[in-house]
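Everything below concerns the one structure shown next.
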Amino acid sequence: MTSTPQPTSLDPEIAARLKRSADGLVPAIAQQYDTGEVLMLGWMDDEALHRTLTTGRCTYWSRSRQEYWVKGDTSGHFQWVKSVALDCDADTVLVKVDQVGAACHTGARTCFDADVLLKDADSGVPASDQ
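Residue numbering for the sequence shown follows the UniProt record's numbering, starting at 1 and increasing by one per position.
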């Protein structure tokens, strides 16, 4: 992907709000809509976000393949879009989805199960300060 703006149909008001990386991308977090389970992180440019907003299926930009991919087209593990939101800085997209099958390319339900660095630890913060 080049830094040259690509033609897109994304609503100009949304496009104007987005804070993109130097390569024109924003991180997109996919979360299971009913359980809150964090499934994966992908990347979207304006066109991928437009497609996600208008088709009801998650579309990402593959940085390695330099092409768009729709989750489930090759794997059968679909992400049906329930809602899409920007974070407070407009530099990250949260897509709440109904995940069918594995979200991770390894075949795991999520991309965050295999390498847990800390689990159920005491935060060290007194309950009165939480």
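Backbone N, C-alpha and C fix where the C-beta goes; we use that ideal spot for every residue, glycine too.
All values reported here derive from a predicted model rather than from experimental measurement.
Distance, Cα to Cα, residue i vs residue j?
i: residue 34; j: residue 92; result: 20 angstroms
i: residue 58; j: residue 11; result: 17 angstroms
i: residue 112; j: residue 13; result: 33 angstroms
i: residue 3; j: residue 36; result: Annotation note: pLDDT 41 at residue 3 (below 50); position unreliable, coordinate value reported separately. Spanning the two alpha carbons is a distance of roughly 34 angstroms.
i: residue 5; j: residue 78; result: Only weak support is given to the placement of residue 5: the predicted model assigns it a pLDDT of 47, under 50, and the value that follows is read from those uncertain coordinates. Rounded to the nearest angstrom, the two C-alpha atoms are 29 angstroms apart.
i: residue 54; j: residue 9; result: 10 angstroms
i: residue 26; j: residue 75; result: 24 angstroms
i: residue 56; j: residue 101; result: 17 angstroms
i: residue 20; j: residue 63; result: 14 angstroms
Rounded C-beta distance between residue i and residue j? I'm assuming under 8 angstroms.
i: residue 68; j: residue 43; result: Not really, about 11 angstroms apart at Cβ, beyond 8 angstroms.
i: residue 142; j: residue 30; result: The requested residue 142 does not occur in the structure, where the chain is confined to residues 1 to 130.
Could you tell me which residues DSSP pairs with residue i in its beta bridges?
i: residue 99; result: 79
i: residue 56; result: DSSP output for residue 56 lists no bridge partner at all.
i: residue 29; result: 41 and 94
i: residue 86; result: 93
i: residue 67; result: 62
Cβ atoms of residue j and residue i: under 8 angstroms apart, would you say?
i: residue 28; j: residue 18; result: no
i: residue 70; j: residue 81; result: no
i: residue 103; j: residue 39; result: yes
i: residue 45; j: residue 24; result: yes
Are there any heavy atoms of the ligand PLP lying less than 7 angstroms away from the beta-carbon of residue i, as far as the coordinates show?
i: residue 100; result: Looking at this structure, you won't find the ligand PLP or any other ligand, since it has none at all.
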